[in-house]
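Visitor:
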């Protein structure tokens, strides 16, 4: 399992570096701009005058001048979608990606169990996601002392935990769909669509009461975002992690039973509709 | 099942949707032998080999690899087996050395690395090359090294010399013979009759998911059709040759050159030619396809 973990981490190092640097640079930029943004007079009033359909996606604008509100509006409110691109893309291809490339055939001919292979790669995905979020967290914590962002390191850490849980949930969903659907491409598209769709529905539900009932059944409803700075909802966090574990277990069970393809994408295995007429009694006699 | 069986397969069945790849395949390979597995594309060779490693799950039948059920303990089977896939894909982000080190790590880093270097030298593989720059032949060399490097008890090789030049092919034959001399069992599929003759002690022919024949390679070749071209010093009555059993006249020119088809052994033809003034005699080795055709024709006749 460790060999597979190490190998997958090595393969993900480029993505970890790219996403980590990107997230860190964005965090540093946001921290450096806080004092100027917070100092703009009448900002809350100006933002409050924007159409509610737009403001529905950014959270409570009244708090934009506070570190918590600023962090929420400019960072955590949409980070699930941004870093979700990494999580969904990587986890959908975690095993089936190599199967489509034909690499898994040779790997699995070696003395490594399906459970060890699955666990090693899944843990590498979890670790890579944690490394990227760690870079994001450090980019807020380290320079915050020189700005008006007077939050402690633990306060900064709290909103990253629900973000981490959401990424694991959508990541394991993509992994499961890759085991069920014919290709990584389709699993990617559907999970990505669900993530973005969920984000939009959550935003629209702030202006449309009929959507409120629907969003309660979606993962992002249980995403605290910047509000976690004041305190974590441990119930939500545990719930999200529990769903991720269930999705991972079902994926594992699907992988255990899977016939490993030599390469290429799979098929839908839909029942074929035969257009030929059934053989008549005369045909059967002839045969 | 005999105790010295490296592979024991009974009634193996596997379908992909409506396609029945294996239809009750029976096969036994003794420990320490080199066994050739022949058949045209789609006959079920690769499916059989992949069932042995639990890469795919059969629909029915019994399989034992070195006495172990691969579905019950696939890791134990793979720990003692080296595999060379028919359709090889390697990690293009790695160099050859990195690829081999990764596969070695999956085996618990038990490989003697000096042996890997010796193998690479013998088949002229540069370990420093990036995988993405390798030709098909060089990728096949990587496949050969990774299959052999752990000195496995059993080698399962799907077209082991595909894409290799003749000199390297010969070296691979030597390596396989050495592995056998060290006690390993070699089970390989091939389309090259020369390879089968050079390597295999026994062969099996698979057709549409069942074994249609098991024999020594020389017997398979002798049972197949051959073509012969005979040149005579003067015009002769070549029709006389066709009275020999198993000989068919394909064409003649001026009574001095005859193209013949010979079924079975050459003995009858050679004895018949002793009565003629022969200046030249050439035979054409049958291709594997011709051997298949000969077997298929005979098994079709038996079926009917």
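Protein chains in written order, with the working numbering: chain G, 1 to 287; chain H, 288 to 591.
All C-beta atoms in this analysis are idealised placements derived from N, C-alpha and C, irrespective of residue type, glycine included.
For residue 205 of chain G, which three-state DSSP category applies?
Guide: Taking the first residue of the first chain as position 1, residue 205 of chain G is located at position 205. Helix, per DSSP.
Visitor: Measure the CB-CB distance between residue 517 of chain H and residue 567 of chain H and report whether it falls below 9 Å.
Guide: Here residue 517 of chain H refers to the residue found at position 230 of the second chain. Here residue 567 of chain H refers to the residue found at position 280 of the second chain. Yes.
Visitor: Select from the segment 403-420 of chain H all residues with a C-beta closer than 7 Å to any C-beta belonging to chain G, and list them in chain order.
Guide: Residues: none.
Visitor: At the 9 Å Cβ level, is residue 378 of chain H part of the contact set with chain G, yes or no?
Guide: Within the second chain, numbered from 1, the residue matching residue 378 of chain H stands at position 91. Judged by the 9 Å Cβ criterion, residue 378 of chain H is in contact with chain G.
Visitor: Find the residues of chain H that neighbour residue 307 of chain G, judging by a C-beta separation of less than 7 Å, and give them in chain order.
Guide: The question about residue 307 of chain G has no answer, for chain G in this structure spans 1 to 287.
Visitor: Taking all protein chains shown into account, do 16 or more other C-beta atoms lie within 10 angstroms of the C-beta of residue 326 of chain H, making it buried, or fewer, making it exposed?
Guide: Looking up residue 326 of chain H in the second chain gives position 39. Residue 326 of chain H is buried by the Cβ-count criterion.
Visitor: Who pairs with residue 94 of chain G in a beta bridge, going by DSSP?
Guide: As a working mapping, residue 94 of chain G is identified with position 94 in the first chain. Paired residue(s): none; residue 94 of chain G is not in a bridge.
Visitor: Could you say if the segment 14-33 of chain G and the segment 416-436 of chain H meet the contact criterion of at least three C-beta pairs nearer than 8 Å?
Guide: Contact fails: fewer than three Cβ-Cβ distances are below 8 Å.
Visitor: Could you check what DSSP says for residue 219 of chain G in three-state terms: helix, strand or coil?
Guide: Stepping through the first chain from its first residue, residue 219 of chain G is reached at position 219. In the structure shown, residue 219 of chain G sits in a helix (DSSP, three-state: H, G or I).
Visitor: Do the segment 468-476 of chain H and the segment 494-514 of chain H make contact, defined as three or more Cβ pairs closer than 8 Å?
Guide: As far as the Cβ criterion goes, the segment 468-476 of chain H does not touch the segment 494-514 of chain H, which means the pair count is below three.
Visitor: Check whether the Cβ of residue 447 of chain H lies closer than 9 Å to any Cβ atom in chain G.
Guide: For the purposes of this step, residue 447 of chain H is taken as residue 160 along the second chain, with counting starting at 1. For residue 447 of chain H, the answer is no, since every Cβ of chain G falls outside 9 Å of its Cβ.
Visitor: Hey, how far is the Cα of residue 308 of chain H from the Cα of residue 22 of chain G?
Guide: Here residue 308 of chain H refers to the residue found at position 21 when the second chain is read from its first residue. Here residue 22 of chain G refers to the residue found at position 22 when the first chain is read from its first residue. Roughly 50 Å between the two C-alpha positions.
Visitor: Quick check on residue 110 of chain G: does DSSP put it in helix, strand or coil?
Guide: The residue you call residue 110 of chain G lines up with position 110 of the first chain. Correct three-state label for residue 110 of chain G: coil.
Visitor: Identify every residue that forms a DSSP beta bridge with residue 568 of chain H.
Guide: Taking the second chain and counting its residues from 1, one reaches residue 568 of chain H at position 281. Residue 568 of chain H pairs with H/517.
Visitor: Spell out whether any CB of chain G is found under 9 Å from the CB atom of residue 272 of chain H.
Guide: Nothing can be reported for residue 272 of chain H, as the shown portion of chain H is limited to 288 through 591.
Visitor: So, are the CB atoms of residue 20 of chain G and residue 132 of chain G less than 9 Å apart?
Guide: Here residue 20 of chain G is taken as the residue at index 20 of the first chain, counted from 1. Here residue 132 of chain G is taken as the residue at index 132 of the first chain, counted from 1. Yes; because the gap between Cβ atoms is below 9 Å, this pair is in contact.
Visitor: Would you check if the distance between the CB atom of residue 24 of chain G and the CB atom of residue 144 of chain G is smaller than 9 Å?
Guide: Residue mapping note: residue 24 of chain G aligns to position 24 of the first chain, counting from 1. Residue mapping note: residue 144 of chain G aligns to position 144 of the first chain, counting from 1. Not in contact: residue 24 of chain G and residue 144 of chain G (Cβ atoms no closer than 9 Å).
Visitor: Decide if residue 246 of chain G is buried, meaning its Cβ has at least 16 other Cβ atoms within 10 Å, or exposed.
Guide: Your numbering for residue 246 of chain G matches position 246 in the first chain. That one is exposed.
Visitor: Please list the terminal residues of the continuous beta strand (DSSP E) segment that includes residue 301 of chain H.
Guide: Taking the second chain and counting its residues from 1, the one referred to as residue 301 of chain H is at position 14. Run containing residue 301 of chain H: 292-303, per the beta strand (DSSP E) assignment.
Visitor: Alpha carbon to alpha carbon, how far is residue 184 of chain G from residue 486 of chain H? Give it in angstroms, no decimals.
Guide: Against the second chain, residue 486 of chain H aligns to sequence position 199. Against the first chain, residue 184 of chain G aligns to sequence position 184. The straight-line gap from Cα to Cα measures roughly 41 Å.
Visitor: Inspect the CB distances between the segment 323-339 of chain H and the segment 296-313 of chain H and report whether three or more fall short of 8 Å.
Guide: The segment 323-339 of chain H vs the segment 296-313 of chain H: in contact.
Visitor: Given a cut-off of 9 Å, decide if residue 91 of chain G and residue 172 of chain G are closer than it, judged by their beta-carbon atoms.
Guide: Counted from its first residue, the first chain places residue 172 of chain G at position 172. Counted from its first residue, the first chain places residue 91 of chain G at position 91. Yes.
Visitor: Could you pull the start and end residues of the alpha helix (DSSP H) that residue 26 of chain G belongs to?
Guide: Locating residue 26 of chain G in the first chain gives position 26, counting from the first residue. First-last of the alpha helix (DSSP H) with residue 26 of chain G: 2-38.
Visitor: For residue 354 of chain H, would you say it is in contact with chain G, using Cβ-to-Cβ distances shorter than 9 Å as the test?
Guide: Here residue 354 of chain H refers to the residue found at position 67 of the second chain. Chain G contact via Cβ: absent.
Visitor: Taking the alpha carbon of residue 494 of chain H as the point to measure from, which residue in H/369, H/465, H/467, H/313 has its own alpha carbon closest?
Guide: Mapped onto the second chain, residue 494 of chain H falls at position 207. That would be H/313, whose Cα lies nearest to the Cα of residue 494 of chain H.
Visitor: Span of the alpha helix (DSSP H) holding residue 461 of chain H?
Guide: Translated into positions along the second chain, residue 461 of chain H becomes position 174. Per DSSP, residue 461 of chain H belongs to the alpha helix (DSSP H) from 453-468.
Visitor: Taking buried to mean at least 16 other C-beta atoms within 10 Å of its own C-beta, is residue 370 of chain H buried or exposed?
Guide: For the purposes of this step, residue 370 of chain H is taken as residue 83 along the second chain, with counting starting at 1. Answer is buried; the Cβ neighbour count reaches 16.
Visitor: Which value, in whole angstroms, describes the spacing of the CA atoms of residue 490 of chain H and residue 310 of chain H?
Guide: Sequence index remark: in the second chain, residue 490 of chain H carries index 203 (1-based). Sequence index remark: in the second chain, residue 310 of chain H carries index 23 (1-based). Cα to Cα, the separation comes out at about 19 Å.
Visitor: Taking only three categories from DSSP, how would you classify residue 449 of chain H?
Guide: Taking the first residue of the second chain as position 1, residue 449 of chain H is located at position 162. Residue 449 of chain H falls in the coil class under three-state DSSP.
Visitor: Could you tell me the distance, in whole angstroms, from the CA atom of residue 197 of chain G to the CA atom of residue 214 of chain G?
Guide: Counting from 1 along the first chain, the entry for residue 197 of chain G is found at position 197. Counting from 1 along the first chain, the entry for residue 214 of chain G is found at position 214. Taking the straight line joining both Cα atoms gives about 12 Å.
Visitor: Suppose only complete runs of 3+ residues qualify. What are the beta strand (DSSP E) ranges in the segment 494-564 of chain H, listed by chain order?
Guide: You should have 497-502, 512-519, 534-540, 544-550.
Visitor: In this structure, what does DSSP give as the bridge partners for residue 491 of chain H?
Guide: What you label residue 491 of chain H is simply residue 204 of the second chain in a count that begins at 1. Paired residue(s): H/324, H/501.
Visitor: Counting Cβ pairs, one atom from each stretch, are 3 or more of them under 8 Å apart for the segment 340-355 of chain H and the segment 452-469 of chain H?
Guide: No, they do not touch.
Visitor: Where residue 82 of chain G and residue 114 of chain G are concerned, what is the direct C-alpha to C-alpha distance, given to the nearest angstrom?
Guide: Within the first chain, numbered from 1, the residue matching residue 82 of chain G stands at position 82. Within the first chain, numbered from 1, the residue matching residue 114 of chain G stands at position 114. C-alpha separation (whole angstroms): 31 Å.
Visitor: List the endpoints of the continuous beta strand (DSSP E) containing residue 311 of chain H.
Guide: Locating residue 311 of chain H in the second chain gives position 24, counting from the first residue. Here the beta strand (DSSP E) through residue 311 of chain H covers 306-317.
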